[in-house]
Structures are given as structure tokens and as C-alpha cells.
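The structure under discussion appears below in the form of C-alpha cells.
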Ligand SMILES: Nc1ncnc2c1ncn2[C@@H]1O[C@H](COP(=O)(O)OP(=O)(O)OP(=O)(O)O)[C@@H](O)[C@H]1O
Ligand SMILES: [Mg+2]
């Protein structure tokens, strides 16, 4: 759990730091001095806290506007307010602003740790937290359709272009190769290692197990050695997905084509399943089998998004015929771009970084923007809090 303490008084920050000493219980603490309208460097969504301890003792009538805006935007944020006078007026406006706990300060200092524990319980109670993110599953209709390539590069576009916090999970535990598409960094930990230590899993552990491709794009790789994947259970994957969707805007999962119990956990939870094919008969035949299996498992309709990759003008089966053969609309098409796609894969650099102007990069960017909205950069949480200061 991340706890941020914000105050304009250095002595209050120091006092709170002392109170916490020895009572952190594994929480990650950060202290922020608020001074006028200055926003500290490096503040970003990525550092968004779970619990905010906000000192407003400096004003008799604390301004709750910015806090209200923040709790509205971030329903999982729990706020503990320190105020000079715990009047009825303050309590009512705090309640309206979505603040969980109000403490008179320094009068009720002795109750501080108890209030923090109450707030932490609230923040972690099952069912209290709304998932932050969307889970998108990518599956290839036939080997080599480009499912991994698109999953990895859509993730990059959502992070780089749309300022989303994205996690790519390579759940192709036998042959996973997503990391080679994006980086030459070594993965110290894989999905299998995380699964094995699932009882330790929280946002911090997940972030440390994943490789950072950008400050807001991380990859949890498949194990390098397929043997390490043996024994990974559906329960472990379920827990991993739980923590992932609580902490990332988009969780993109590359799954194997042979739908097993692990893949089914992803398919169950996924908002969208992207089925990637090429406009050729063997791909269409295999996709038909896969779609049939999906229907049997109850995944149908809007949840399935059929993607035709490597489309070339006047080559292959026309889209209309594909749609008819599969009784499924084609949701997204990407052009064939052999030179840039293979350069990207061979160098391990996202295509949009290597060849931003290439047709595939443009298609990925446009689609990411459509998914994510306008793509306006979001201000850090500190900035949000200071807008009305
Ligand atoms: N739009 C495209 N144009 C040209 N080449 C592409 C395009 N998309 C993907 N490729 C190429 O296709 C190759 C295979 O892609 P990828 O490994 O993502 O397929 P896959 O569906 O994940 O296959 P598998 O089932 O083996 O995991 C990649 O090496 C990539 O260079
Ligand atoms: Mg693949």
C-alpha cells in the first residue's frame, strides 16, 4: 500500500513521520511539502497513493473542492484529513468530498495510527475497490497472425501516446516471446516466479517483477525456461489479474491459442478478446474453430473483437467474406508492413518508436487513441490537489 502525506508544515510532516515509525506494516510512505502552488518534480499518476493523509490545519475552512475532484476521479483513493477544528461544517464538507476519516490535529494525535488502520482496512476491503483498469486479451487465430506483435505494440501506443499506465502480461508460458518484441533488457522475474510467490503479491511486488519499458509501460514476461511454468495454477493467475487491474489502466494479456484453464481466467475477466487473423483461408478455418470454442465457453458478441492483420489491397479473402464465414464483424484491420514490422521484431524496439510514420504505427496510434479517448496528458495527483490551492 502506498501512503502519501501532504502538508504545508514541515513540522507536521516530521511529526507524522515519527508516528509512523515502526508502524509502517509494509506500507510505502512518502512525504510531500506543499508550498504555495509549487508542484514537486516527478509527480505522476504512477505514484498515485492508495491512502492520502492531507493536512489542512492551516485553514479554518478547508477547501475541499480539489479533494472532491480527486476522489471522484479516483474512486479507490482513501483520504484522511487532519484539520484544526473538527466542526460539523468540516465533517459535512469532508463527507461530501469523499473523505473517510477526519482527525483534529494535534488534539487527536494519539488516535492517528488507529485512524490510519481504519482507513487502510477500508481501502483494502474486498469489494470496496473498483478495478482501475481494463483487461484486454490477445489470441492468435493461427500461429504467426501477429497477436503478440499487436498486443505488445498496442500497449506501447496506449502508454506512449495516450499516457495510460499499461501492463503487458505474457501468458504464453511455453513459448512466450513478447519481451523480444520490445526490449533487450533481461527479465529477472517472470509470470511463473510471481505465481510461485503469490501470497506476497501486491502493487509494489508486481511493479518490481515487471520490466519497465517506459515509466508507464511494464512487461511481466513469460518464463525463459518453459519448465518453470509447470505448476502455475488458475487461482494464482486470477490473483495476478486482480492486482494488475487494480493498479494499471490497461492490462494486456497475450494468451496461447490452446485455451487452457489459465487462459480461461483471462478470457473470463477480459473486457475484450482480440482474435487476430490474416485474410487467408487457413487462418479463417482455424479462427472458426476457435470462435466455436469461445461460444461454447460463453464468450460471444461484443466481447470478441476480430482483427485482420497484414491486410493488402486486392490480396486474400475480402473482409465481407471473412465476416460472413465467421459470422462475426471485423473490428480492426492493419496493413501489411513487412519491412518495418520485421525491423521492429529483429531489433526488439516497438514499431512506433522505430518507425513512427509507418502505416502500422499510424494504425496502432489511431486505434489506441480511439480506445483511450483523447489522449490528453493527465496531471499528477499532486498537481490535481493544488489546482485550487
Ligand atoms: N502488420 C504486419 N505487417 C507485417 N508483418 C507483421 C505485421 N504484424 C505482425 N507481423 C509479423 O508477424 C510475425 C509474427 O507475429 P507474432 O509472433 O506476433 O504472431 P503470433 O500470432 O503471436 O504467433 P504465435 O501464435 O506463434 O504466438 C512477427 O515477426 C511480425 O514481424
Ligand atoms: Mg504469440
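Numbering (my numbering), first residue to last: 1051 to 1439. Where a beta carbon is used, it is the ideal one built from N, C-alpha and C, also for glycine. This one's a predicted model, so the numbers in the text were calculated from it and none came from an experiment.
Terminal residues of the beta strand (DSSP E) in which residue i lies
{"i": "residue 1401", "result": "Residue 1401 -> not in any beta strand (DSSP E); alpha helix (DSSP H) instead, spanning 1401-1404."}
{"i": "residue 1382", "result": "1380-1385"}
{"i": "residue 1328", "result": "1322-1328"}
{"i": "residue 1059", "result": "Element bounds for residue 1059: n/a, residue is neither H nor E."}
{"i": "residue 1151", "result": "1151-1154"}
{"i": "residue 1081", "result": "1078-1083"}
{"i": "residue 1129", "result": "1128-1133"}
{"i": "residue 1395", "result": "Not the beta strand (DSSP E): residue 1395 falls in the alpha helix (DSSP H), residues 1388-1397."}
{"i": "residue 1275", "result": "Premise fails: residue 1275 is in no beta strand (DSSP E) and is neither H nor E."}
{"i": "residue 1268", "result": "1267-1270"}
{"i": "residue 1309", "result": "Looking at the DSSP string, residue 1309 is not in any beta strand (DSSP E), and its letter there is neither H nor E."}
{"i": "residue 1105", "result": "1101-1105"}
From the options, residue whose alpha carbon lies closest to that of residue i
{"i": "residue 1398", "options": "1296, 1199, 1072, 1098", "result": "1199"}
{"i": "residue 1384", "options": "1362, 1283, 1315", "result": "1362"}
{"i": "residue 1162", "options": "1307, 1313, 1382, 1105", "result": "1105"}
{"i": "residue 1388", "options": "1415, 1405, 1219, 1154", "result": "1405"}
{"i": "residue 1287", "options": "1325, 1256, 1274", "result": "1256"}
{"i": "residue 1400", "options": "1419, 1231, 1219", "result": "1231"}
{"i": "residue 1169", "options": "1119, 1081, 1209, 1126", "result": "1126"}
{"i": "residue 1101", "options": "1182, 1412, 1137, 1054", "result": "1054"}
{"i": "residue 1191", "options": "1060, 1366, 1343", "result": "1343"}
{"i": "residue 1306", "options": "1295, 1338, 1221", "result": "1221"}
{"i": "residue 1142", "options": "1080, 1099, 1113", "result": "1113"}
{"i": "residue 1237", "options": "1252, 1261, 1219", "result": "1261"}
{"i": "residue 1379", "options": "1390, 1422, 1394, 1353", "result": "1353"}
{"i": "residue 1193", "options": "1351, 1373, 1335", "result": "1335"}
{"i": "residue 1253", "options": "1270, 1391, 1187", "result": "1270"}
{"i": "residue 1156", "options": "1107, 1129, 1373", "result": "1107"}
{"i": "residue 1069", "options": "1122, 1164, 1146", "result": "1164"}
{"i": "residue 1207", "options": "1403, 1341, 1158", "result": "1403"}
{"i": "residue 1303", "options": "1310, 1116, 1320", "result": "1320"}
{"i": "residue 1063", "options": "1247, 1358, 1146, 1083", "result": "1083"}
{"i": "residue 1392", "options": "1057, 1297, 1360, 1366", "result": "1360"}
{"i": "residue 1059", "options": "1071, 1078, 1079, 1109", "result": "1109"}
{"i": "residue 1291", "options": "1394, 1245, 1073", "result": "1245"}
{"i": "residue 1350", "options": "1197, 1323, 1390, 1166", "result": "1323"}
{"i": "residue 1274", "options": "1371, 1223, 1216", "result": "1223"}
{"i": "residue 1225", "options": "1413, 1415, 1298, 1272", "result": "1272"}
{"i": "residue 1410", "options": "1181, 1201, 1071", "result": "1201"}
{"i": "residue 1376", "options": "1338, 1145, 1413", "result": "1338"}
{"i": "residue 1372", "options": "1414, 1329, 1345", "result": "1329"}
{"i": "residue 1076", "options": "1386, 1167, 1215", "result": "1167"}
{"i": "residue 1197", "options": "1395, 1407, 1412, 1098", "result": "1395"}
{"i": "residue 1241", "options": "1124, 1258, 1340", "result": "1258"}
{"i": "residue 1115", "options": "1187, 1140, 1345", "result": "1140"}
{"i": "residue 1061", "options": "1123, 1189, 1124, 1081", "result": "1081"}
{"i": "residue 1309", "options": "1188, 1333, 1249", "result": "1188"}
Extent of the continuous alpha helix (DSSP H) to which residue i belongs
{"i": "residue 1258", "result": "1253-1259"}
{"i": "residue 1122", "result": "1115-1123"}
{"i": "residue 1174", "result": "1162-1174"}
{"i": "residue 1292", "result": "1284-1297"}
{"i": "residue 1147", "result": "Per DSSP, residue 1147 belongs to no alpha helix (DSSP H) and is neither H nor E."}
{"i": "residue 1421", "result": "1409-1422"}
Assumed close pair residue i, residue j - CB separation to whole angstroms, cut-off 8 Å
{"i": "residue 1195", "j": "residue 1326", "result": "4 Å"}
{"i": "residue 1419", "j": "residue 1211", "result": "7 Å"}
{"i": "residue 1172", "j": "residue 1136", "result": "19 Å between Cβ atoms; not a contact."}
{"i": "residue 1289", "j": "residue 1251", "result": "6 Å"}
{"i": "residue 1185", "j": "residue 1282", "result": "18 Å between Cβ atoms; not a contact."}
{"i": "residue 1264", "j": "residue 1209", "result": "5 Å"}
{"i": "residue 1417", "j": "residue 1218", "result": "The Cβ separation is near 16 Å, so there is no contact."}
{"i": "residue 1133", "j": "residue 1103", "result": "Wrong, their Cβ atoms sit about 12 Å apart, outside the cutoff."}
{"i": "residue 1147", "j": "residue 1128", "result": "Rounded, the Cβ-Cβ distance is 12 Å, inconsistent with contact."}
{"i": "residue 1357", "j": "residue 1382", "result": "5 Å"}
{"i": "residue 1183", "j": "residue 1300", "result": "6 Å"}
{"i": "residue 1099", "j": "residue 1052", "result": "4 Å"}
{"i": "residue 1331", "j": "residue 1367", "result": "7 Å"}
For this session: Quick one: residues with CB closer than 7 Å to any heavy atom of ligand 2, in chain order, please.
Result: Near ligand 2, meaning a beta-carbon closer than 7 Å to one of its heavy atoms, we find 1190, 1197, 1198, 1222, 1227, 1304.
Problem set entry | Minimum length 3: unbroken beta strand (DSSP E) runs contained in the segment 1320-1377 | Runs of the beta strand (DSSP E) inside the segment 1320-1377: 1322-1328, 1354-1361.
Problem set entry | Unbroken stretches of the beta strand (DSSP E), 3 residues or longer, contained in the segment 1184-1251 | Counting only runs of at least 3 residues, the segment 1184-1251 fully encloses the following beta strand (DSSP E) elements, listed from N- to C-terminal order: 1184-1190, 1216-1221.
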